[in-house]
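Start counting the sequence shown at 1250; every next residue gets the next number (the numbering used here).
What follows is a set of notes on a single structure, which appears directly below.
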Amino acid sequence: MNILITSVSKKVLLIKSFKTNLNNYNAKLIVTDCNINSPALYFGDEYFITPKLNDESYLDFMLNACSQYQIKLIIPTSDRELLFFSENYLLFNNINCKVLVSSKETILICQNKNYFNDFCIANNIPIPKTYKNLEENISLPVFIKPIYGSSSQNIKKINTLIEVKEIDFDKYVVQEYIECDEYTIDYLGDFEGNFINCVPRQRISVINGESCVSKINNIKVINKYTKLLGEKLKLCGHNTLQCFFDGKQVKMIEINPRFGGAGNLGINGGLNSPQIIIDILHGKKINYENVIKDSLIMMRYSKDIFGYIHNGVFNSEDINSEKKIFCIDIDGTLCSENCKYEDAQPIEKVINKINKLFEKNKIILFTARGYTSKTDWRDLTETQLSEWGVKYHELIFNKPFADYYIDNKGIDILEWI
1250 MNILITSVSK KVLLIKSFKT NLNNYNAKLI VTDCNINSPA LYFGDEYFIT
1300 PKLNDESYLD FMLNACSQYQ IKLIIPTSDR ELLFFSENYL LFNNINCKVL
1350 VSSKETILIC QNKNYFNDFC IANNIPIPKT YKNLEENISL PVFIKPIYGS
1400 SSQNIKKINT LIEVKEIDFD KYVVQEYIEC DEYTIDYLGD FEGNFINCVP
1450 RQRISVINGE SCVSKINNIK VINKYTKLLG EKLKLCGHNT LQCFFDGKQV
1500 KMIEINPRFG GAGNLGINGG LNSPQIIIDI LHGKKINYEN VIKDSLIMMR
1550 YSKDIFGYIH NGVFNSEDIN SEKKIFCIDI DGTLCSENCK YEDAQPIEKV
1600 INKINKLFEK NKIILFTARG YTSKTDWRDL TETQLSEWGV KYHELIFNKP
1650 FADYYIDNKG IDILEWI
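Structure, rendered in structure tokens:
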């Protein structure tokens, strides 16, 4: 059951998380974007480039691509495409492809801050005091943000009545200015909008609307209103909600009904939504253990990747034309471990990577088989490597010198492949 994640942009950690959890299934992670220079494209199993969303060919293109790649689930990750997929999900269902997106009505409420505020008030969910026009007794300072908008763009603190009179209330939401801790909550619902769990994380440092430093604070009252709001809206899949919390009161701010930029903290903090989504897709009963890693902190940083794009394929190996020596571990890296050597199973993605490197580099495979027992495993190992189709230059039952050491205990294998 292949999965497609759209508009992947720079969401490398999200792609790696889904790819890791798909290893237990005979399935591929397909990723896509309209920009070939999107780094996350090169961390899935396969990728393709799409037309832009406003291109009239986009719908037919996506339907054909889902059939070609045998996609069983689409996970949209961009604000711009949520409404498109919620409006067209039946067309994808008709080709046996689910779309993990909330209803059109829910998306409209989440993407219009006036609709969101009205919905919260109607359902007794606390929000910051909101002013609809100049006739109201406005208490300064206030905070304004576009009715439609994301990434903290065009937001502003207003301190004077002169500035207030210049506000276009048809374009901006005007609310009381609140100075206290701000939280993002990772919320997971199933495919029908039933609540599974949530993880509140304090936004300690924020740049361009995304958390750079976050900390999990598993606060019951935040969870209470998050669950209530998510259930009322029937949020599907992974969503990010935001609120203020002053130590006593919660005031909900907004919802992004998709994976958020810093969602990796929630995923690693006890809410492994990629794993749960994949398990639901495969019909597994979810016996979810609520083990949230309270006080876990995440600090984010950017990482550069280098390479060349030839005929639409990114190759990071071409950057160094000089022949290199790759020393690659066998058990746990090239094949499964924690089993009898005779029962080891090959990891095809790693073998494919090794075989691509073979012609321009020297491949040395090494293993510690027999190191403790003094048993000679060479014949079995050579037979296995031959059956698995692994190309290599030397097999060593030790650890020789090399330019690169590839071992699952020392590097991120998913990033390497």
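Cβ coordinates follow ideal geometry from the N, Cα and C atoms, glycine included.
Checklist line | Per-residue DSSP class, three states only, for T1624 | finding: Reading the sequence shown from its first residue, position 375 is the one you call residue 1624. Three-state DSSP puts T1624 in coil, outside helix and strand.
Notebook entry, point to check: In the DSSP assignment, what are the bridge partners of G1214?
Noted result: In the structure as shown, the chain begins at 1250 and stops at 1666. Residue 1214 is therefore absent and cannot be evaluated.
Next item on the list: Could you check the C-alpha separation between L1253 and L1290 for me, to the nearest Å?
Entry: In the sequence shown, counting from the first residue as 1, residue 1253 sits at position 4. In the sequence shown, counting from the first residue as 1, residue 1290 sits at position 41. Approximately 11 Å, taken between the alpha carbons.
Notebook entry, point to check: Just how far apart, CA to CA, sit S1306 and P1300?
Noted result: Position 57 of the sequence shown, counting from 1, holds the residue named residue 1306. Position 51 of the sequence shown, counting from 1, holds the residue named residue 1300. Distance between the alpha carbons of S1306 and P1300 is about 7 Å.
Notebook entry, point to check: Out of Y1641, I1453 and V1599, which has the shortest C-alpha to C-alpha gap to F1607?
Noted result: As a working mapping, residue 1607 is identified with position 358 in the sequence shown. Taking each of Y1641, I1453 and V1599 in turn and checking the Cα distance to F1607, the smallest one comes out for Y1641.
Checklist line | Other residues of its chain near Y1397: CB distance less than 7 Å, five sequence neighbours each side excluded | finding: Taking the sequence shown and counting its residues from 1, the one referred to as residue 1397 is at position 148. Within the same chain, Q1360 and N1361 come within 7 Å of Y1397 by CB-CB distance, once the 5 residues on both sides are set aside.
Checklist line | Proximity of I1298 and D1282 at Cβ, strictly below 8 Å | finding: As a first step, residue 1298 must be located in the sequence shown, where it is residue number 49. As a first step, residue 1282 must be located in the sequence shown, where it is residue number 33. Closer than 8 Å, so yes.
Next item on the list: Give me the Cα-Cα distance between V1540 and V1350, rounded to the nearest whole angstrom.
Entry: Position 291 of the sequence shown, counted from the start, is the residue given in the question as residue 1540. Position 101 of the sequence shown, counted from the start, is the residue given in the question as residue 1350. So the alpha carbons of these two residues sit roughly 26 Å apart.
Next item on the list: Would you kindly work out how many angstroms separate the C-alpha atoms of F1575 and T1582, rounded to a whole number?
Entry: Locating residue 1575 in the sequence shown gives position 326, where the first residue counts as 1. Locating residue 1582 in the sequence shown gives position 333, where the first residue counts as 1. For F1575 and T1582, the distance between alpha carbons rounds to 13 Å.
Check: So who's on the other strand from H1559, going by DSSP bridges?
Finding: For the purposes of this step, residue 1559 is identified with residue 310 of the sequence shown, where counting begins at 1. BP columns for H1559 point to V1562.
Next item on the list: Report the rounded CA-to-CA distance for N1610 versus D1309, giving the unit in angstroms.
Entry: To locate residue 1610, count along the sequence shown from 1; it is residue 361. To locate residue 1309, count along the sequence shown from 1; it is residue 60. A straight-line Cα-Cα distance of about 42 Å links N1610 and D1309.
Checklist line | Proximity to C1369 [Cα-Cα], best of N1604, K1500, A1511 and Y1620 | finding: Taking the sequence shown and counting its residues from 1, the one referred to as residue 1369 is at position 120. Closest by alpha carbon: K1500.
Item checked: Cβ neighbour criterion (16 or more within 10 Å) applied to Q1633 -> Within the sequence shown, residue 1633 is the residue found at index 384, counting from 1. Buried.
Next item on the list: Give me the Cα-Cα distance between N1286 and E1441, rounded to the nearest whole angstrom.
Entry: Stepping through the sequence shown from its first residue, residue 1286 is reached at position 37. Stepping through the sequence shown from its first residue, residue 1441 is reached at position 192. Here the alpha carbons of E1441 and N1286 stand approximately 35 Å from one another.
Margin query: In the DSSP output, which residue or residues are listed as bridge partners for R1452?
Written below: Counting from 1 along the sequence shown, the entry for residue 1452 is found at position 203. Here R1452 is bridged, per DSSP, to S1463.
Item checked: Where the alpha helix (DSSP H) through Y1653 begins and ends -> As a first step, residue 1653 must be located in the sequence shown, where it is residue number 404. It is not in any alpha helix (DSSP H) - Y1653 instead sits in the beta strand (DSSP E) that spans Y1653 to I1655.
Checklist line | Residue range of the alpha helix (DSSP H) that includes T1355 | finding: The residue you call residue 1355 lines up with position 106 of the sequence shown. Counted as a single uninterrupted DSSP element, the alpha helix (DSSP H) harbouring T1355 occupies residues K1353 to Q1360.
Margin query: The beta strand (DSSP E) that contains M1547, what's its start and end?
Written below: Here residue 1547 corresponds to residue number 298 of the sequence shown, with the count starting at 1. From DSSP, the beta strand (DSSP E) with M1547 extends over I1546 to M1548.
Check: With distances taken between CB atoms, is the gap from I1427 to P1390 smaller than 8 Å?
Finding: On the sequence shown, position 178 is the one that residue 1427 refers to. On the sequence shown, position 141 is the one that residue 1390 refers to. Not in contact: I1427 and P1390 (Cβ atoms no closer than 8 Å).
Notebook entry, point to check: If we count the other Cβ atoms within 10 Å of its Cβ and call it buried at 16 or more, is S1460 buried or exposed?
Noted result: As a first step, residue 1460 is located in the sequence shown; it is residue number 211 there, counting from the start. By the 10 Å Cβ count, S1460 comes out buried.
Next item on the list: Please state if the CB of K1347 and the CB of L1332 are separated by a distance shorter than 8 Å.
Entry: The sequence position of residue 1332 within the sequence shown is 83, counting from 1. The sequence position of residue 1347 within the sequence shown is 98, counting from 1. Cβ atoms of L1332 and K1347: not closer than 8 Å.
Notebook entry, point to check: Going along the chain, which residues of its own chain have a beta-carbon closer than 7 Å to the beta-carbon of Y1421, five neighbours each way excluded?
Noted result: The residue you call residue 1421 lines up with position 172 of the sequence shown. Taken in chain order, the residues that qualify are I1393, K1394, P1395 and I1396.
Note to self: When you compare the CB positions of Y1432 and F1334, do they come within less than 8 Å of one another, or not?
What the structure shows: The residue given as residue 1432 occupies position 183 in the sequence shown. The residue given as residue 1334 occupies position 85 in the sequence shown. Inclusion of Y1432 and F1334 in the CB contact set at 8 Å is not warranted, their separation being larger than that value.
Next item on the list: Would you give the residue range spanned by the beta strand (DSSP E) that E1193 belongs to?
Entry: Outside the displayed range of the chain (1250 to 1666) lies residue 1193, so it cannot be described from this structure.
Next item on the list: Compare the C-alpha of N1408 against each of I1387, S1399, Q1402 and F1555 and name the closest.
Entry: The sequence position of residue 1408 within the sequence shown is 159, counting from 1. When only C-alpha atoms are compared, the closest one is I1387.
Item checked: S1454 classed as buried or exposed, judged by whether at least 16 other C-beta atoms fall within 10 angstroms -> In the sequence shown, the residue the question calls residue 1454 occupies position 205. S1454 is exposed by the Cβ-count criterion.
Next item on the list: Can you tell me the Cβ-Cβ gap for K1481 and N1372, rounded? I've got them flagged as a contact below 8 Å.
Entry: Position 232 of the sequence shown, counted from the start, is the residue given in the question as residue 1481. Position 123 of the sequence shown, counted from the start, is the residue given in the question as residue 1372. That pair is a contact at about 5 Å.
Item checked: Own chain, CB closer than 6 Å to N1366, minus 5 neighbours either side, in chain order -> Translated into the one-based positions of the sequence shown, residue 1366 becomes position 117. A distance below 6 Å between beta-carbons, with the five flanking residues on each side excluded, links N1366 to the following residues of its chain, in chain order: I1376 and T1379.
Notebook entry, point to check: Does the Cβ of H1487 have 16 or more other Cβ atoms within 10 Å, making it buried, or fewer, making it exposed?
Noted result: Reading the sequence shown from its first residue, position 238 is the one you call residue 1487. That one is buried.
Margin query: Going by DSSP, what residue range makes up the beta strand (DSSP E) through Y1421?
Written below: To locate residue 1421, count along the sequence shown from 1; it is residue 172. DSSP places Y1421 inside the beta strand (DSSP E), whose first and last residues are Y1421 to E1425.
Item checked: Boundaries of the beta strand (DSSP E) in which E1643 is found, first to last residue -> Looking up residue 1643 in the sequence shown gives position 394. Where E1643 is concerned, the enclosing beta strand (DSSP E) stretches over E1643 to I1645.
Next item on the list: Tell me the start and end of each unbroken alpha helix (DSSP H) in the segment 1250-1334 that is at least 4 residues and wholly inside, in chain order.
Entry: Look at the segment 1250-1334 and you find these whole runs of alpha helix (DSSP H), each 4 residues long or longer: 1261-1271 and 1307-1317.
Notebook entry, point to check: Where does F1392 sit, in a helix, a strand or coil, going by DSSP?
Noted result: Counting from one through the sequence shown, the residue named residue 1392 turns up at place 143. The answer is strand: DSSP assigns F1392 an E or B state.
Notebook entry, point to check: Between the C-alpha atoms of N1521 and K1589, what's the straight-line distance to the nearest angstrom?
Noted result: Position 272 of the sequence shown, counted from the start, is the residue given in the question as residue 1521. Position 340 of the sequence shown, counted from the start, is the residue given in the question as residue 1589. In this model, N1521 and K1589 are separated by some 30 Å (Cα to Cα).
Check: Do three or more CB pairs link the segment 1336-1347 to the segment 1463-1479 at distances below 8 Å?
Finding: With a cut-off of 8 Å, the segment 1463-1479 and the segment 1336-1347 do not count as touching, because too few Cβ pairs lie within range.
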